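**Student:** The working numbering applies: residue 1 is where the sequence shown begins, and numbers increase by one. Even glycine gets a Cβ: it sits at the ideal position worked out from N, Cα and C. Values in this document were obtained by computation on a predicted structure and should not be read as measured data.
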Amino acid sequence: MGLHVAVLIKQVLDPEVPAARFQIDASGKRPAAGIAGEVLGPYERNALEVALQLKDAGAAEKVSVITADGQEAVESLRKALAVRADQAVLVDTSGHDDLDPAQTAEILARAVEKLGGVDLVVAGRQAGDWDHGQVGYLVAERLGWPCVSLVQRAELDGGVLRLTRQGPDGREVVEARPPLVVTVTNDERNVLRLPRVQDLMASRRQPITQWSPADLGLDAAALADLAGGEVLRLRIPERESQCEFISGDDPAEVAATLVRRLKELKLL
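(1) Out of Q206, R84, L138 and A221, state which residue places its alpha-carbon closest to the alpha-carbon of V181.
(2) Apart from the five residues just before and just after P178, which ones in its own chain have a Cβ nearer than 7 Å to its Cβ?
(3) With a floor of 4 residues, list each alpha helix (DSSP H) that falls wholly inside the stretch 156 to 219, ordered by position along the chain.
(4) Per DSSP, G124 forms a beta bridge with which residues?
(5) Span of the alpha helix (DSSP H) holding S76?
(6) Where do the ends of the alpha helix (DSSP H) carrying E113 lie?
(7) Using a Cβ-Cβ cutoff of less than 8 Å, which residues in the same chain neighbour Q11 once the five nearest sequence positions on both sides are dropped?
(8) What residue does the alpha helix (DSSP H) around D269 start on, and which one ends it?
(9) Over what stretch of residues does the beta strand (DSSP E) that includes L13 continue unbroken?
(10) Are the Cβ atoms of V173 and V50 separated by less than 9 Å?
(11) Checking the sheet assignment: what are the DSSP bridge partners for V254?
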């Protein structure tokens, strides 16, 4: 029997949005609505590819994809189904805005438990919006499973996962037995594959399992108790810049003036 792999994904604001269009909703303490579309997060794409490679190798029997978000995340789940994930689960958190990493991790851990039979949880190293980098570790703590971070590639050999990870001085190889949580970083070997046209079409017809936090035993009060922190203020940093033009007809004089100003500014 192969592994049942659960991939945790998140839909984020398109990171390709031009900086000039980026705006903050100061009252809501979040990026302003409507400035760009949402896409599957970059590290989640890497995590999904690692799981699919395990399936290609016969090491994984089933790949399930789980997210905690609103109905808009259905599109990202369908993209995962289009690259041949077997099951998609949406924990619909509509009405529970701005969940922090601790709250999100509890929801996802309970979803993994409800799904049942999961041997390996794969998550991105961090989300592509807030870059907290906490959810994978918190899910591991909640499940009581070991966690290996910054994984680039995974292979199964005789019931042991051989994980190639990014270390401080190059690549490292770690061996661990499931159940296990891994967080995945980007690598040229885990770029998410492109879907086939027929799989894209089939993904539109596949069912998506939908749960609410209440289905996982979490009401609004329980979620509030899990909150680990609060965003007090969110703003785009203000930058002041000055531009000084050095003019003159004599190039040597202009160069001398430039050198003098650079020295005054302690840039030389």
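**Tutor:** Walking through what the data contain:
(1) L138
(2) L3, D119, L120 and L161
(3) 197 to 203
(4) V184
(5) V74 to A82
(6) P101 to L115
(7) E38, V39, L40, G41, T67, D69, E72, A73, E75 and S76
(8) Past the edges of the chain, shown from 1 to 268, lies residue 269, and the structure says nothing about it.
(9) Q11 to L13
(10) no
(11) BP columns for V254 are empty, so no partner.
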